[in-house]
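Engineer:
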Amino acid sequence: MFLTGYGKAARKRRDRLATVVIASLAGFVLLVLASLMTYIFVQGVSAVSWEFLSEFPRHAMTEGGIFPAIVGTVYLAVGSMCISIPLGFGAAIYLAEYAKPGALVSAVRLGVANLAGVPSVVFGLFGLSLFVTTFGFGRSLLSGCLTLGLLTLPTVTAAAEEAIRQTPASFREAALALGASRWQAVRQVILPAALPGMLTGGILALGRAAGETAPISLTSATAYSPALPDSPFNEAMALTTHIYNLATNGSDIAATRPQQFGTSLVLVTLVLGLSLFALVIRARLRRSRRW
Amino acid sequence: MVTTEEGGGKGAPSPEFRDAWDARDSFETPGEEEPKAVIKADRISFFYGAFQALRNISLEIMADEVTAFIGPSGCGKSTFLKLLNRMHDFVPGARLAGEVLVSGQSVYGPDADPVDIRRRVGMVFQRPNPFPKSIYDNICYGPRLVGVRKKAELDVVVERALRAAALWDDVKDVLTKSALELSGGQQQRVCIARALALEPDILLMDEPTSALDPIATSKVEDWIRSSGMTIVIVTHNMQQAARISDRTAFFYMGELVEFGPTLELFTSPRERRTENYITGRFG
Ligand SMILES: Nc1ncnc2c1ncn2[C@@H]1O[C@H](COP(=O)(O)OP(=O)(O)O)[C@@H](O)[C@H]1O
Ligand SMILES: [Mg+2]
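Those protein sequences? They're chains L and X, same order as listed. For what it's worth, this note's numbering labels the leading residue of the first sequence as 1390, then goes sequentially. For what it's worth, this note's numbering labels the leading residue of the second sequence as 16, then goes sequentially.
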């Protein structure tokens, strides 16, 4: 046709320009991320040693290690998942499989989406007044886990619902046509297929819980503890609040700078490690189930 | 819709139909012995919310015959097929009026058990939809649901179903392989075998070959022709209906326009709309 090629040169030029702009923006983001990581690494690596990871802090936290903070963060992250995963998966199954479309369900979904955007300090305050005070759990691992569980609930729910919705409708039809009940179809066919996606959301939320500061500081953290918590009603140290304390009200803030960055390095490694783990599971399960 | 000629029984069969019909070998045309109706649909209307998808349809499906539903896309073929085994139960806003009987039992009556009906009336879908499991576990899905647990019993069921679907020789050595690794045609026959494992009285097939290549299509068609089962098949391919069916129902815009022995419907349609459709004037 005679119009073929018309405006081709201009289109190509614009296309190239767009590619350059997008690539440089992406490059900039990568650069910022890389310099941040490098900075934390350079500043913190000198402080990290086996003793740093395995010992209790000494001399008003100017020396020694961060072992109790690592343990506390792991407790908080895992504990909060024990709350948000059952609740979130349950809600997601309901929303994706059972709920009849209507005003109520739209409201629930809207609520879930908006809860995800509520600042974490607000969750902290909520946890403080509900779990710590009203329920009388005190400042404790339990209060912290409950608060972080609520905080991550929207993320877990939304990711799980999305994963369930992405399983082909044909699986459900096939199961029902073979005489499966609704719940049998969900449990035997839909959930196994959706599980990788659902777990990915859960692991990412775990990373988020580990990285929170305000809610932990308000509901469960202690600045220094001479022993590991031995009950859910104990206070516990945590990595994030440890960094915050060292950097804001230690006895010698400048002198503990390496410990602050060392702790940050441990925290970032933990969170990135979890995200990576999530990516790997997803990639592996994706490969084993093509549809 | 364009009509220029008189309809009503005078249309000569198209060469395509002739070819398709001649490709059928020895299998008897209906009416030699008194056929028995296994499905009776009586004055069915069907609604998706406010939209009426089917209008007052009455139809009988005969035992041990292949019945084809043809008609342009969107005319309600799938809707009608799915109401025969209650696959609309989970569609919000779907509503049915009229009565359906399968082997004399009411499908929508107060004591009808939808799960039981789906076991007696199996279904194969448009796109092959095996579960992401092994071939073996796919076939076993239905039998396990009804409580067959013993390995020895399941082995028998799997072999019988795969033989019935003419797939046994292809896959007998790779039963533990994921069904998703098979070709499209083999996947569709796994789905047929999976439905057959429950030994249903009737098999519903919704355009089962539309996602398959010609060779895979002819394998599935061969299976349908030799199965001896009561089969209801939706197809938008008229040659396919001519090749494999004993009776054909022509749907148009939610109505059942004409239903009769395939040879009759294609060679001397009573309705002008049928004639227009089979001669390719619309659709
Ligand atoms: N779940 C549904 N909700 C609303 N309308 C539907 C639904 N499924 C089908 N329809 C409508 O019903 C009519 C018949 O559809 P269908 O039975 O799938 O046609 P066919 O199988 O003959 O192509 C179409 O107009 C279609 O748009
Ligand atoms: Mg259809």
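Just so it is clear, CB atoms sit at the ideal spot from N, CA and C, and this is done for glycine as well. Note that the coordinates shown come from a computational prediction; the quantities given were computed from them, not determined experimentally.
Spell out whether any CB of chain X is found under 8 Å from the CB atom of residue 1675/L.
Structural biologist: Numbered from its first residue, the first sequence carries residue 1675/L at position 286. False, the Cβ-Cβ gap to chain X never drops below 8 Å.
Engineer: Tell me the rounded alpha-carbon separation between residue 207/X and residue 238/X.
Structural biologist: Stepping through the second sequence from its first residue, residue 207/X is reached at position 192. Stepping through the second sequence from its first residue, residue 238/X is reached at position 223. Residue 207/X and residue 238/X: Cα-Cα distance of roughly 10 Å.
Engineer: Give, in chain order, every residue of the segment 197-219 of chain X whose Cβ lies closer than 8 Å to some Cβ of chain L.
Structural biologist: Under the 8 Å Cβ criterion, the segment 197-219 of chain X contributes 206, 209, 210, 213.
Engineer: Specify the secondary structure class of residue 1582/L as computed by DSSP and reduced to three states.
Structural biologist: The sequence position of residue 1582/L within the first sequence is 193, counting from 1. It is helical.
Engineer: Any heavy atom of ligand 1 closer than 7 Å to the beta-carbon of residue 68/X?
Structural biologist: Taking the first residue of the second sequence as position 1, residue 68/X is located at position 53. Because some heavy atom of ligand 1 lies under 7 Å away, the Cβ of residue 68/X counts as near it: yes.
Engineer: Work out the CA separation of residue 1609/L and residue 1524/L for me, nearest whole Å.
Structural biologist: The residue given as residue 1524/L occupies position 135 in the first sequence. The residue given as residue 1609/L occupies position 220 in the first sequence. For residue 1524/L and residue 1609/L, the distance between alpha carbons rounds to 14 Å.
Engineer: Just the Cα atoms here: how many angstroms apart are residue 242/X and residue 1591/L?
Structural biologist: Looking up residue 242/X in the second sequence gives position 227. Looking up residue 1591/L in the first sequence gives position 202. Approximately 49 Å between the Cα atoms of the pair.
Engineer: Cβ of residue 222/X within 7 Å of any heavy atom in ligand 2?
Structural biologist: By one-based count along the second sequence, residue 222/X stands at place 207. Result yes, Cβ under 7 Å from ligand 2.
Engineer: Could you check if residue 92/X belongs to the surroundings of ligand 1, using beta carbon to heavy atom distance under 7 Å?
Structural biologist: Your numbering for residue 92/X matches position 77 in the second sequence. Checking every heavy atom of ligand 1 against the Cβ of residue 92/X, one is found closer than 7 Å.
Engineer: May I ask whether a heavy atom of ligand 1 can be found less than 7 Å away from the beta carbon of residue 292/X?
Structural biologist: Along the second sequence, read from residue 1 onward, the residue named residue 292/X stands at position 277. Outside the cutoff, so no.
Engineer: Any C-beta of chain L sitting closer than 8 Å to the C-beta of residue 102/X?
Structural biologist: Along the second sequence, read from residue 1 onward, the residue named residue 102/X stands at position 87. True, the Cβ-Cβ gap to chain L drops below 8 Å.
Engineer: Check whether the Cβ of residue 249/X lies closer than 7 Å to any heavy atom of ligand 2, and answer yes or no.
Structural biologist: Position 234 of the second sequence, counted from the first residue, corresponds to residue 249/X. It does: the Cβ of residue 249/X is within 7 Å (strictly closer) of some heavy atom of ligand 2.
Engineer: Closer than 8 Å by C-beta to residue 261/X: which residues in its own chain qualify, once you throw out the five before and the five after it? Chain order, please.
Structural biologist: The sequence position of residue 261/X within the second sequence is 246, counting from 1. Counting only Cβ-Cβ distances below 8 Å, and skipping sequence neighbours, we find 44, 45, 77, 80, 81, 82, 276, 277.
Engineer: Quick one: complete beta strand (DSSP E) runs, 3+ long, within the segment 200-234 of chain X?
Structural biologist: You should have 217-221.
Engineer: Just how far apart, CA to CA, sit residue 1572/L and residue 163/X?
Structural biologist: Here residue 1572/L is taken as the residue at index 183 of the first sequence, counted from 1. Here residue 163/X is taken as the residue at index 148 of the second sequence, counted from 1. Taking the straight line joining both Cα atoms gives about 19 Å.
Engineer: Among 98/X, 225/X, 195/X, 201/X, which residue has its Cα nearest to the Cα of residue 149/X?
Structural biologist: Here the question's residue 149/X lines up with position 134 in the second sequence. Nearest of 98/X, 225/X, 195/X, 201/X to residue 149/X, Cα basis: 195/X.
Engineer: How long is the line joining the alpha carbons of residue 65/X and residue 203/X, rounded to whole angstroms?
Structural biologist: As a position in the second sequence, residue 65/X is number 50, starting the count at 1. As a position in the second sequence, residue 203/X is number 188, starting the count at 1. Distance between the alpha carbons of residue 65/X and residue 203/X is about 35 Å.
Engineer: Just checking: is the beta-carbon of residue 1390/L within a distance shorter than 8 Å of some beta-carbon in chain X?
Structural biologist: Locating residue 1390/L in the first sequence gives position 1, counting from the first residue. Bear in mind that the predicted position of residue 1390/L carries a pLDDT of just 49, short of 50, making it unreliable; the figure below should be weighed with that in mind. Answer no: the Cβ-Cβ gap between residue 1390/L and chain X never drops below 8 Å.
Engineer: On the criterion of 16 or more Cβ atoms from any shown chain inside 10 Å, does residue 1408/L qualify as buried, or is it exposed?
Structural biologist: Counting from 1 along the first sequence, the entry for residue 1408/L is found at position 19. With fewer than 16 other Cβ atoms within 10 Å, it is exposed.
Engineer: Assign residue 1633/L to one of three DSSP states: helix, strand, or coil.
Structural biologist: For the purposes of this step, residue 1633/L is taken as residue 244 along the first sequence, with counting starting at 1. Helix at residue 1633/L.
Engineer: If residue 102/X and residue 1565/L are in contact, beta carbons under 8 Å, what's the gap, nearest whole angstrom?
Structural biologist: Within the second sequence, residue 102/X is the residue found at index 87, counting from 1. Within the first sequence, residue 1565/L is the residue found at index 176, counting from 1. Right, the Cβ-Cβ distance comes to about 7 Å (below 8 Å), so this counts as a contact.
Engineer: Using DSSP bridges, identify the partner residues of residue 138/X.
Structural biologist: Here residue 138/X corresponds to residue number 123 of the second sequence, with the count starting at 1. Bridge partners of residue 138/X: 219/X.
Engineer: For residue 110/X, which beta-bridge partners are listed by DSSP?
Structural biologist: Counting from 1 along the second sequence, the entry for residue 110/X is found at position 95. Per DSSP, 62/X.
Engineer: Once DSSP output is grouped into helix, strand and coil, what is the label at residue 1544/L?
Structural biologist: In the first sequence, the residue the question calls residue 1544/L occupies position 155. Helix at residue 1544/L.
Engineer: In the DSSP assignment, the alpha helix (DSSP H) including residue 83/X goes from what residue to what residue?
Structural biologist: Residue mapping note: residue 83/X aligns to position 68 of the second sequence, counting from 1. Careful: residue 83/X lies outside any alpha helix (DSSP H), inside the beta strand (DSSP E) at 81-85.
Engineer: Going along the chain, which unbroken runs of the beta strand (DSSP E) with 3 or more residues stay wholly within the segment 119-186 of chain X?
Structural biologist: The qualifying runs are 136-139.
Engineer: Check whether chain X comes within 8 Å of residue 1585/L, counting only Cβ atoms and requiring the distance to be less than that.
Structural biologist: As a first step, residue 1585/L must be located in the first sequence, where it is residue number 196. No, residue 1585/L lies away from the interface with chain X (no Cβ there is under 8 Å from its Cβ).
Engineer: Taking Cβ to Cβ, would you say residue 1549/L is nearer than 8 Å to residue 1500/L?
Structural biologist: Translated into positions along the first sequence, residue 1549/L becomes position 160. Translated into positions along the first sequence, residue 1500/L becomes position 111. It is not a contact, given that the beta carbons lie outside the stated cut-off.
Engineer: Please determine, among 253/X, 104/X, 85/X, the residue with the shortest C-alpha to C-alpha distance to residue 63/X.
Structural biologist: Your numbering for residue 63/X matches position 48 in the second sequence. Cα-wise, what sits closest to residue 63/X is 104/X.
Engineer: Going straight from the alpha carbon of residue 1627/L to that of residue 1661/L, what length do you get?
Structural biologist: Counting from one through the first sequence, the residue named residue 1627/L turns up at place 238. Counting from one through the first sequence, the residue named residue 1661/L turns up at place 272. Answer to the nearest angstrom: the Cα atoms are 17 Å apart.
Engineer: Report the neighbours of residue 160/X on chain L: residues whose CB is nearer than 7 Å to its CB, in chain order.
Structural biologist: Translated into the one-based positions of the second sequence, residue 160/X becomes position 145. 1567, 1568, 1569, 1573, listed in chain order.
Engineer: Just to confirm, is the Cβ distance from residue 142/X to residue 213/X under 8 Å?
Structural biologist: For the purposes of this step, residue 142/X is identified with residue 127 of the second sequence, where counting begins at 1. For the purposes of this step, residue 213/X is identified with residue 198 of the second sequence, where counting begins at 1. Not in contact: residue 142/X and residue 213/X (Cβ atoms no closer than 8 Å).
Engineer: Taking a Cβ distance cut-off of 8 Å, strictly less, list which residues of the segment 107-138 of chain X are near chain L, in chain order.
Structural biologist: Those residues of the segment 107-138 of chain X that come within reach of chain L (Cβ to Cβ, closer than 8 Å) are 107, 130, 131, 133, 134, 137, 138.
Engineer: Drop a sphere of 10 angstroms on the beta-carbon of residue 152/X, count the other beta-carbons inside from all chains shown, and report buried for 16 or more, exposed for fewer.
Structural biologist: Here residue 152/X refers to the residue found at position 137 when the second sequence is read from its first residue. That one is buried.
Engineer: Apart from the five residues on each side of it in sequence, which residues of its chain come closer than 8 Å, Cβ to Cβ, to residue 111/X?
Structural biologist: Along the second sequence, read from residue 1 onward, the residue named residue 111/X stands at position 96. Closer than 8 Å at Cβ, skipping near neighbours: 59, 60, 61, 62, 98, 103, 123.
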